[in-house]
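K.L.:
Okay, handing you the structure first.
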Amino acid sequence: MVHLALAAKLMALYGAKPIMILVPKPLMTQWQDELWNLLEMPLARWNGRQWIDEQGVAYLPEESKVIYESKDGRREKVFEALEWLAAMGSHVPDKGEQMVR
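Under the working numbering, the residues of the sequence shown are numbered 59 to 159, in order.
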């Protein structure tokens with residue numbers, strides 16, 4: 059699987075279009091996790107209702123809302139799209155500053 063994923067990453071880096079990977083539904087989350095953990099390849103999966111990125115964030119375009127799910131899957135929070143952008147922007151340090159976790 060890593061060889062195919064590496065080929066997809068190279069195509070994404072050197073090509074101008076996105077890459078679509080089709081996998082059986084039971085393997086979607088596993089593939090998404092492995093592509094992120096092994097190759098740091100950001101991608102989103104379609105669950106039939108919305109796109110979910112590698113961090114577990116879903117976007118509902120019809121409602122302009124973002125759904126954030128905790129990594130353990132126990133908590134979920136719904137944000138308005140602009141509220142989500144403001145929350146994410148608050149984590150970006152000013153020029154010359156460093157943030158420490």
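Note that CB positions come from ideal geometry on N, CA and C, so glycine has one too. Remember, it's a predicted structure, so these values are computed and weren't measured experimentally.
Around the C-beta of Q116, are 16 or more other C-beta atoms found within 10 angstroms, so that it is buried, or is it exposed?
P.N.:
Indexing the sequence shown from 1 puts residue 116 at position 58. Residue identity differs from the one stated: residue 116 is Ala in this sequence, not Gln. So A116 ends up on the buried side.
K.L.:
Do E138 and K123 come within 9 Å of each other at the CB atom, strictly closer than that value?
P.N.:
The count along the sequence shown starts at 1 and reaches residue 123 at position 65. The count along the sequence shown starts at 1 and reaches residue 138 at position 80. Yes; because the gap between Cβ atoms is below 9 Å, this pair is in contact.
K.L.:
Starting from A74, follow the alpha helix (DSSP H) in both directions and report where the run begins and ends.
P.N.:
The count along the sequence shown starts at 1 and reaches residue 74 at position 16. Looking at the DSSP string, A74 is not in any alpha helix (DSSP H), and its letter there is neither H nor E.
K.L.:
Taking only three categories from DSSP, how would you classify L80?
P.N.:
Counted from its first residue, the sequence shown places residue 80 at position 22. If DSSP states are grouped into helix, strand and coil, L80 belongs with coil.
K.L.:
Curious, which full-length beta strand (DSSP E) runs of at least 3 residues does the stretch 81-134 contain?
P.N.:
With a minimum length of 3 residues, the continuous beta strand (DSSP E) runs that stay inside the stretch 81-134 are 102-104, 109-111, 115-118, 123-127.
K.L.:
Specify the secondary structure class of E138 as computed by DSSP and reduced to three states.
P.N.:
Locating residue 138 in the sequence shown gives position 80, where the first residue counts as 1. Residue state, collapsed to three classes: strand.
K.L.:
Assign M146 to one of three DSSP states: helix, strand, or coil.
P.N.:
Working through the sequence shown from its first residue, we reach residue 146 at position 88. Helix, per DSSP.
K.L.:
What is the DSSP secondary structure of K153, counted as helix, strand or coil?
P.N.:
Within the sequence shown, residue 153 is the residue found at index 95, counting from 1. Coil, per DSSP.
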